[in-house]
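Q: This is the structure, below, for whatever I ask next.
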Amino acid sequence: MDASERRPYHSPRRVGPAFRTGTASDTVRPVPVHVISHPVAQELLTHLRDTRTPSPLFRQYAQRLSVLIATEAMRDLPTEAVVVDTPLGPANGVKVSASVIVVPVLRAGLGMLDAVLSVVPHARVGHIGLQRDETTAVASQYYAKFPAGLDASLVVLVDPMLATGGSAVASLQLLASRGAQRMRLLCIVAAPEGIQEVEAHFPDVEIYTPAIDSHLNAHKFIVPGLGDFGDRLYGTM
Ligand code: URA
Numbered sequence: 001m002d003a004s005e006r007r008p009y010h011s012p013r014r015v016g017p018a019f020r021t022g023t024a025s026d027t028v029r030p031v032p033v034h035v036i037s038h039p040v041a042q043e044l045l046t047h048l049r050d051t052r053t054p055s056p057l058f059r060q061y062a063q064r065l066s067v068l069i070a071t072e073a074m075r076d077l078p079t080e081a082v083v084v085d086t087p088l089g090p091a092n093g094v095k096v097s098a099s100v101i102v103v104p105v106l107r108a109g110l111g112m113l114d115a116v117l118s119v120v121p122h123a124r125v126g127h128i129g130l131q132r133d134e135t136t137a138v139a140s141q142y143y144a145k146f147p148a149g150l151d152a153s154l155v156v157l158v159d160p161m162l163a164t165g166g167s168a169v170a171s172l173q174l175l176a177s178r179g180a181q182r183m184r185l186l187c188i189v190a191a192p193e194g195i196q197e198v199e200a201h202f203p204d205v206e207i208y209t210p211a212i213d214s215h216l217n218a219h220k221f222i223v224p225g226l227g228d229f230g231d232r233l234y235g236t237m
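Under the UniProt record's numbering, the first residue of the sequence shown is numbered 1, with each subsequent residue one higher.
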């Protein structure tokens with residue numbers, strides 16, 4: 001089946017404590033944040049935080065962690081029944097039948113892209129280029145290109161550091177303006193400020209992250225965070 005022939009994605013609506021994946025306290029209103037608490041994910045995140053981790057290893061850890069995040073984010077993908085032949089006879093199986101579009105926010109999002117594609121190889125890829133002003137932390141768009149069919153796909157936005165939420169919200173707004181209806185956000189570290197900003201604008205967008213950190217500092221960096229993700233990924237410190 002060609003990617004463009006896959007069925008439109010309709011996300012199931014979930015409420016209640018199960019809405020979170022291993023997480024902090026329950027709230028009155030379900031918070032669409034899935035915290036990936038798997039010990040392997042938490043160890044990988046610890047390596048990413050560590051200033052002693054050099055770029056080549058940072059890339060590897062980011063990849064491995066992104067596979068775990070993406071796997072959780074794709075947990076409810078619809079499937080269709082198929083039958084295959086094992087050496088001993090026919091066996092019932094499934095095939096993922098949803099259309100998925102992955103959209104990394106350049107440049108840091110590229111550090112998660114291949115990992116997400118390893119989980120959903122049939123996915124198509126769009127790109128958003130956002131430049132963060134270092135003094136104001138305001139994001140401005142310099143590039144955007146998407147495959148057709150945003151409206152009928154699960155759109156997976158990949159942005160490793162959810163800090164102020166400015167770039168995530170700008171990206172989600174752009175995707176929504178191009179027709180995207182079902183969107184998820186995958187990140188490596190989230191700040192409470194960023195989660196609130198996404199929730200305020202897109203209450204239906206579920207966020208997948210292994211960590212909700214303490215706060216933002218005066219320069220809008222996540223504390224404790226891991227520093228500048230793109231710089232650590234590409235060695236541009
Ligand atoms: N972007 C990063 O790379 N790190 C932060 O802490 C915040 C934004």
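C-beta: ideal position from N, C-alpha, C; glycine also.
For Y142, does the count of other Cβ atoms within 10 angstroms reach 16, so buried, or fall short, so exposed?
A: What you label residue 142 is simply residue 142 of the sequence shown in a count that begins at 1. That one is exposed.
Q: How many Å lie between L110 and S171 at the Cα?
A: To locate residue 110, count along the sequence shown from 1; it is residue 110. To locate residue 171, count along the sequence shown from 1; it is residue 171. Their backbone Cα atoms lie some 15 Å apart in a straight line.
Q: For P39, which of helix, strand or coil comes out of DSSP?
A: What you label residue 39 is simply residue 39 of the sequence shown in a count that begins at 1. P39: helix per DSSP, three-state reduction.
Q: Taking 7 Å as the cut-off, does the CB of F58 come closer than this to any heavy atom belonging to the ligand URA?
A: Along the sequence shown, read from residue 1 onward, the residue named residue 58 stands at position 58. Answer for F58: no, Cβ out of range of the ligand URA.
Q: To the nearest angstrom, how far is it from the Cα of R232 to the Cα of Q60?
A: Working through the sequence shown from its first residue, we reach residue 232 at position 232. Working through the sequence shown from its first residue, we reach residue 60 at position 60. The straight-line gap from Cα to Cα measures roughly 12 Å.
Q: I'd like to know whether the C-beta atoms of I207 and V33 end up nearer to each other than 8 Å.
A: Within the sequence shown, numbered from 1, the residue matching residue 207 stands at position 207. Within the sequence shown, numbered from 1, the residue matching residue 33 stands at position 33. In contact: I207 and V33 (Cβ atoms closer than 8 Å).
Q: Mind checking which residues open and close the beta strand (DSSP E) that includes V169?
A: The residue given as residue 169 occupies position 169 in the sequence shown. Taken as a continuous stretch (DSSP letters only), V169 belongs to no beta strand (DSSP E), being part of the alpha helix (DSSP H) at 166 to 177.
Q: Is it the case that the Cβ atoms of P58 and L48 are separated by a distance below 8 Å?
A: The residue given as residue 58 occupies position 58 in the sequence shown. The residue given as residue 48 occupies position 48 in the sequence shown. At residue 58 the sequence reads Phe, which differs from the Pro that was named. Closer than 8 Å, so yes.
Q: Less than 7 Å separating the Cβ of M161 from some heavy atom of the ligand URA?
A: Taking the sequence shown and counting its residues from 1, one reaches residue 161 at position 161. Yes.
Q: Given a threshold of 16 other Cβ atoms within 10 Å of its Cβ, counted over all protein chains shown, does T164 qualify as buried or as exposed?
A: Along the sequence shown, one-based indexing puts residue 164 at 164. Its Cβ being crowded by 16 or more others within 10 Å, T164 is buried.
Q: Which same chain residues end up closer than 7 Å to V82 when comparing Cβ atoms and leaving out the 5 residues on each side of it in sequence?
A: Position 82 of the sequence shown, counted from the start, is the residue given in the question as residue 82. Excluding residues within five positions, the ones whose Cβ falls inside 7 Å are G93, V94, K95.
Q: V198 and V158: beta carbons closer than 8 Å?
A: As a working mapping, residue 198 is identified with position 198 in the sequence shown. As a working mapping, residue 158 is identified with position 158 in the sequence shown. Contact flag unset, no.
Q: Is any heavy atom in the ligand URA found nearer than 7 Å to the beta carbon of A108?
A: The residue given as residue 108 occupies position 108 in the sequence shown. Correct: A108 has its Cβ closer than 7 Å to the ligand URA.
Q: Where do the N-terminal and C-terminal ends of the alpha helix (DSSP H) with L154 fall, by residue?
A: Position 154 of the sequence shown, counted from the first residue, corresponds to residue 154. Looking at the DSSP string, L154 is not in any alpha helix (DSSP H); the run it does join, the beta strand (DSSP E), is 154 to 158.
Q: Buried or exposed for G235, please, with buried defined as at least 16 other CB atoms from any protein chain shown within 10 angstroms of its CB.
A: Counting from 1 along the sequence shown, the entry for residue 235 is found at position 235. Flag for G235 reads exposed.
Q: Nearest-angstrom Cα distance between H38 and R64?
A: Taking the first residue of the sequence shown as position 1, residue 38 is located at position 38. Taking the first residue of the sequence shown as position 1, residue 64 is located at position 64. Rounded to the nearest angstrom, the two C-alpha atoms are 13 Å apart.
Q: Check whether the stretch 39 to 46 and the stretch 102 to 122 are in contact - that is, three or more C-beta pairs closer than 8 Å.
A: Contact between the stretch 39 to 46 and the stretch 102 to 122 is absent, because fewer than three Cβ pairs lie under 8 Å.
Q: With which residues is I222 paired in a DSSP beta bridge?
A: As a working note, residue 222 is residue 222 in the sequence shown. Answer is L216, bridged to I222.
Q: Using 10 angstroms around the beta-carbon of residue 267, count the other beta-carbons present and answer buried if the total reaches 16, otherwise exposed.
A: Here the chain has residues from 1 to 237 only, and residue 267 is not among them.
Q: Whose C-beta lies closer than 6 Å to the C-beta of E80 among residues of the same chain, with five residues either side of it excluded?
A: In the sequence shown, residue 80 corresponds to position 80, counting from 1. Contacts found: K95, S97.
Q: How long is the line joining the alpha carbons of V223 and D204, rounded to whole angstroms?
A: Along the sequence shown, one-based indexing puts residue 223 at 223. Along the sequence shown, one-based indexing puts residue 204 at 204. So the alpha carbons of these two residues sit roughly 26 Å apart.
Q: Give me the Cα-Cα distance between T46 and A211, rounded to the nearest whole angstrom.
A: On the sequence shown, position 46 is the one that residue 46 refers to. On the sequence shown, position 211 is the one that residue 211 refers to. Going from the Cα of T46 to the Cα of A211 covers about 10 Å.
Q: With distance defined between alpha-carbon atoms, name the residue in L150, A176, F202, L185 nearest to S99.
A: What you label residue 99 is simply residue 99 of the sequence shown in a count that begins at 1. That would be L150, whose Cα lies nearest to the Cα of S99.
Q: The ligand URA and F221: does any heavy atom of the ligand fall closer than 7 Å to the residue's C-beta?
A: The residue labelled residue 221 in the question sits at position 221 within the sequence shown. Checking the Cβ of F221 against the ligand URA gives yes.
Q: By DSSP, does D151 sit in helix, in strand, or in coil?
A: For the purposes of this step, residue 151 is identified with residue 151 of the sequence shown, where counting begins at 1. Helix at D151.
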